[in-house]
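Note sheet for the following structure.
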Amino acid sequence: MSLKFLPTAMAFLASVCLFNAVYAGRLSDFARRRGYGPNLRRRVIEQPRDSDSHTNFRFLNKNTQPFQVKSLPDIPFDIGEMYSGLMPIDMRNASRALYFVFQPTVGAPVDEITIWLNGGPGCSSLEGFFQENGRFIWTWGQYAPTINPYSWVNLTNVLWVEQPVGTGFSIGDVNATSEEDIAADFTAFFLNFQKTFGIKKFKIYVTGESYAGRYVPYISAAMLDREDKDLFDLHGALTYDPCIGSYVYAQQQAPIVPFIAENNNVLGLNASYLAHLKNLDESCGYADFRDRYLAFPPAGVQPPKDFNSTSDADCDLWDMAYYAAYAPNPCFNVYEIGPQCPLLSDPLGYPTDLQYSYPGLPIYFNRTDVKKAMHAPLDVEWLECNGPVFIGDGGPESEGDLSADPIQAVLPRVIDATNRVLVANADLDMEILTNGTLMAIQNMTWGGKLGFQTAPSTPIVITLPDLQYEALFDSNGFGGIDNPQGTMGVQHYERGLMWAETYLSGHMQPQFQPRSSYRHLQWLLGHIETL
Numbered sequence: 007m008s009l010k011f012l013p014t015a016m017a018f019l020a021s022v023c024l025f026n027a028v029y030a031g032r033l034s035d036f037a038r039r040r041g042y043g044p045n046l047r048r049r050v051i052e053q054p055r056d057s058d059s060h061t062n063f064r065f066l067n068k069n070t071q072p073f074q075v076k077s078l079p080d081i082p083f084d085i086g087e088m089y090s091g092l093m094p095i096d097m098r099n100a101s102r103a104l105y106f107v108f109q110p111t112v113g114a115p116v117d118e119i120t121i122w123l124n125g126g127p128g129c130s131s132l133e134g135f136f137q138e139n140g141r142f143i144w145t146w147g148q149y150a151p152t153i154n155p156y157s158w159v160n161l162t163n164v165l166w167v168e169q170p171v172g173t174g175f176s177i178g179d180v181n182a183t184s185e186e187d188i189a190a191d192f193t194a195f196f197l198n199f200q201k202t203f204g205i206k207k208f209k210i211y212v213t214g215e216s217y218a219g220r221y222v223p224y225i226s227a228a229m230l231d232r233e234d235k236d237l238f239d240l241h242g243a244l245t246y247d248p249c250i251g252s253y254v255y256a257q258q259q260a261p262i263v264p265f266i267a268e269n270n271n272v273l274g275l276n277a278s279y280l281a282h283l284k285n286l287d288e289s290c291g292y293a294d295f296r297d298r299y300l301a302f303p304p305a306g307v308q309p310p311k312d313f314n315s316t317s318d319a320d321c322d323l324w325d326m327a328y329y330a331a332y333a334p335n336p337c338f339n340v341y342e343i344g345p346q347c348p349l350l351s352d353p354l355g356y357p358t359d360l361q362y363s364y365p366g367l368p369i370y371f372n373r374t375d376v377k378k379a380m381h382a383p384l385d386v387e388w389l390e391c392n393g394p395v396f397i398g399d400g401g402p403e404s405e406g407d408l409s410a411d412p413i414q415a416v417l418p419r420v421i422d423a424t425n426r427v428l429v430a431n432a433d434l435d436m437e438i439l440t441n442g443t444l445m446a447i448q449n450m451t452w453g454g455k456l457g458f459q460t461a462p463s464t465p466i467v468i469t470l471p472d473l474q475y476e477a478l479f480d481s482n483g484f485g486g487i488d489n490p491q492g493t494m495g496v497q498h499y500e501r502g503l504m505w506a507e508t509y510l511s512g513h514m515q516p517q518f519q520p521r522s523s524y525r526h527l528q529w530l531l532g533h534i535e536t537l
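Sequential numbering from 7 applies to the sequence shown in this note's numbering.
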C-alpha cells in the first residue's frame, strides 16, 4: 500500500482566507499517522522554580552549551532549562544525526529520563513537545502558547527525538528497512547524547504514540540487548494508541463497524449506509472474528490475517467509513472524532488529515527565527510528517518496515524484563481503535500466558483538579464547578502490563486528556501502583 491522498482540495473557510490546503495523509493506507483534592488551586509551573535559575542549570556544561536554548520566538515567559539540536548517530560522521529537544524536570532533580517518540512513520516528536506534554503548549485553536500545568517535565526529565532519519530536522540518507535498523541508530544517538550531557546510571523510560507502538518496543529491546546498567537501564515503557499487532485487520477493519454504530450521533452517517456497513461486517467475517477473539481469557491464537487494499477492497470498511464521514462533517478529524467545523488554527499546520495554514500563522518550526533559536538546520524545510523513512519492500504495514509486529516478540520481552509497561487507547480515536488494540493484546503471549485472563473493568478516577482554566472559571463566577473529572477510563493489570482505556480522548492522549496522561506517567515512573 502507498501513501493515500485525499482526492480533491477543498475550499475551506473562505471568510478567513484559509490557504495552503494540500492533499495529505499522516500515514499510508493503513493509517495516516499518527491524589489531589478539588481545593488544590495552584498552577503547577506558573512561575520559574529555584531550579530554573540560569546559574543553576543541572545539565549546562561546556559540551552542552552549544545546545542551550535561552528563549523562543513568541514564547512570552522564561522557558527555563532547555536544550535542542542535532546529535550525530556516529560522532565520526556528522552527516547522519537525529534532532532532539531536552527539557529537564522543573521539580527536584531526578536521575531518570523519559524519551518521547511520535509515530507516522515520519512524524515529528516536536508535535509531542509543542502540543502534548512539553513545558508549554501551543495547540489547535490557541491564540498564543501557554504554560502546560500537566507537563511531563513536572515529574521527570523528558527527551523528544525526531527519528528515524528523514523525520523533521533529522538529517542523513534514509537507509532503514526494519525496526532493528532504527533501534540501532537510536541507541547509538542516545549513547552520544548521554555522554555529551554527563548522564549516567539514570533510569530510562521509553514512550510514544501511534506508529511509535512499533518504535518503543524495538528501541526498548535494543537497550536491553546492551546489558549496560550505566547507560541503558530500562525501567519501563508506555505506548498510546499503538500499532502493535495485525494493524489493518485486527486494529482497524475488524472493530470499525461497532465503533461507527456507537459514535454515529457524532459521525452522522445515514441509516441506510450504516446498515450497509453492518451487512458487510457480517459477510466479510469481521463480526465472527470479534465474537471469537475479543474474549477474556482468549479463545486461542488468532489466525494470520492479511489485508490487501486492492483485492480486499469490497471489505475495506474502515476506508468506507472514513471517506463517508467527510460528507456530514467536512472538518472531520480521524484522530479525534468529536470536533465539527470550523477547522481550528494550528501552528504546526497539521491537525487533521489536511495540511493547511491560516494567514498570519506560519508553521512554527519552519520559521527562520525559530530554527536559529533552536539550533536547527536552516536549510531543512520542517514538516510535521514526511517520508518515507523506511526503504524496505513491503512489510507488515506496507511501510517499508520489514520487522515483525511487536506483539510477536519484542513487546513481551520488554514487559517480562521491566514489569512496567502501559498500553493505552483513546475511545474517540478512529485511527487506532480501542477494541482493536485489545484484540492485539489478546493475541500476545507474555508472562507465560496468552492475553489478559479477565476483562478490564476497574475504573480510572481522575482526582487531579482543573489547573488550566481555573482562573477563567473564577473570574466568571463559576469557581469550583470545574471539579476533578471523576471516572475517565478503565484500567487492568496483569503480569507486568497495565492497560488503560481513556474516555473523551482522541489519538494524542496528552493533548486531549492531559490529566489522564499525567496519571499514566505517574504509574510508569513508579509513583503510584494503580491509575
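Cβ atoms here follow ideal geometry from the backbone N, Cα and C, with glycine treated the same way.
Sheet register partners of residue i (DSSP bridge)
i      : result
Gly214 : Leu123 and Thr245
Thr111 : In DSSP, Thr111 forms no bridge with anything.
Met380 : Answer by DSSP bridge pairing: none, since Met380 is not bridged.
Ala432 : Thr508
Met93  : Leu104
Leu456 : Thr451
Ile143 : Thr152
Asn99  : Asp96
Leu197 : For Leu197, which the question treats as bridged, DSSP gives no partner whatsoever.
Between the CA atoms of residue j and residue i - distance to the nearest angstrom
i      : j      : result
Lys76  : Ala461 : 49 angstroms
Phe25  : Ala423 : Because Phe25 carries a pLDDT of 33, less than 50, the predicted location of this residue cannot be relied on, and the following value inherits that uncertainty. Whole-angstrom Cα-Cα distance: 50 angstroms.
Glu500 : Ala446 : 15 angstroms
Ile534 : Leu527 : 9 angstroms
Gln459 : Lys201 : 43 angstroms
Arg49  : Gln519 : For Arg49, the pLDDT reaches just 31, beneath the cut-off of 50, and the residue's location in the model is therefore unreliable, although a value from the coordinates is still provided. Between Arg49 and Gln519, the C-alpha separation is close to 17 angstroms.
Asn392 : Val429 : 26 angstroms
Cys347 : Ala415 : 43 angstroms
Phe175 : Ile369 : 14 angstroms
Glu476 : Asn489 : 10 angstroms
Val164 : Trp158 : 7 angstroms
Pro94  : Phe135 : 21 angstroms
Leu123 : Asp375 : 25 angstroms
Asn285 : Tyr362 : 37 angstroms
Leu237 : Lys68  : 21 angstroms
Leu531 : Ala100 : 34 angstroms
Tyr292 : Ala281 : 15 angstroms
Trp529 : His241 : 12 angstroms
Asn154 : Ser278 : 44 angstroms
Glu133 : Trp166 : 9 angstroms
Trp452 : Val427 : 12 angstroms
Gly125 : Ala218 : 4 angstroms
Met504 : Gly366 : 44 angstroms
Val496 : Ile81  : 37 angstroms
Ile85  : Val395 : 32 angstroms
Gly251 : Glu403 : 10 angstroms
Start and end residues, alpha helix (DSSP H) containing residue i
i      : result
Leu165 : Segment Asn163 to Glu168 is the beta strand (DSSP E) holding Leu165; no alpha helix (DSSP H) there.
Gln528 : Pro520 to Leu530
Met326 : Leu323 to Ala330
Val420 : Val416 to Thr424
Nearest to residue i (by Cα), restricted to the options the options
i      : options                           : result
Tyr332 : His381, Val272, Asp318 and Asn372 : Val272
Leu408 : Leu503, Ser278, Thr183 and Pro304 : Thr183
Ala267 : Pro94, Leu283, Phe302 and Asp191  : Leu283
Lys455 : Thr374, Leu92, Ile413 and Gly242  : Ile413
Tyr524 : His498, Phe479, Val467 and Met450 : Val467
Met88  : Thr443, His241 and Ala379         : Ala379
Glu405 : Pro170, Leu323 and Pro304         : Pro170
Arg373 : Phe65, Pro79, Arg64 and Asn62     : Pro79
Arg276 : Lys235, Ala330 and Thr451         : Before going on, a small fix: residue 276 reads as Asn here, not Arg. Considering only alpha carbons, the answer is Ala330.
Gln515 : Leu444, Asn431, Thr443 and Leu323 : Asn431
Asp472 : Gln448, Leu444 and Ser522         : Ser522
Leu197 : Met229, Ser131 and Leu478         : Met229
Leu537 : Ser463, Gln474, Glu233 and Phe479 : Ser463
Tyr299 : Cys129, Thr443 and Gly400         : Thr443
Val254 : Asp239, Gly401, Pro345 and Leu349 : Gly401
Ala506 : Pro465, Phe479 and Phe371         : Pro465
N- and C-terminal bounds of the beta strand (DSSP E) containing residue i
i      : result
Ile447 : Per DSSP, Ile447 belongs to no beta strand (DSSP E); it is in the alpha helix (DSSP H), Thr440 to Ile447.
Gly465 : A quick correction: the sequence has Pro, not Gly, at residue 465. Segment Thr464 to Ile468, the beta strand (DSSP E) holding Pro465.
Glu538 : Here the chain has residues from 7 to 537 only, and residue 538 is not among them.
Leu360 : Leu360 to Ser363
Gln497 : Gly492 to Glu500
**Message:** Assess contact between the segment 353–366 and the segment 66–73, defined as three or more Cβ pairs (one per stretch) separated by less than 8 angstroms. Is contact present?
**Reply:** no
**Message:** Does the structure place the segment 384–397 close enough to the segment 298–313 that three or more beta carbon pairs sit under 8 angstroms?
**Reply:** no
**Message:** Closer than 8 angstroms is the cut-off here; do at least three beta carbon pairs connect the segment 477–495 with the segment 87–107?
**Reply:** no
**Asked** Using 8 angstroms as the Cβ pair cut-off and three pairs as the minimum, do the segment 240–252 and the segment 435–452 touch?
**Response** yes
**Request:** Determine, using beta-carbon pairs with one atom in the segment 211–224 and one in the segment 115–130, whether at least three such pairs fall under 8 angstroms.
**Result:** yes
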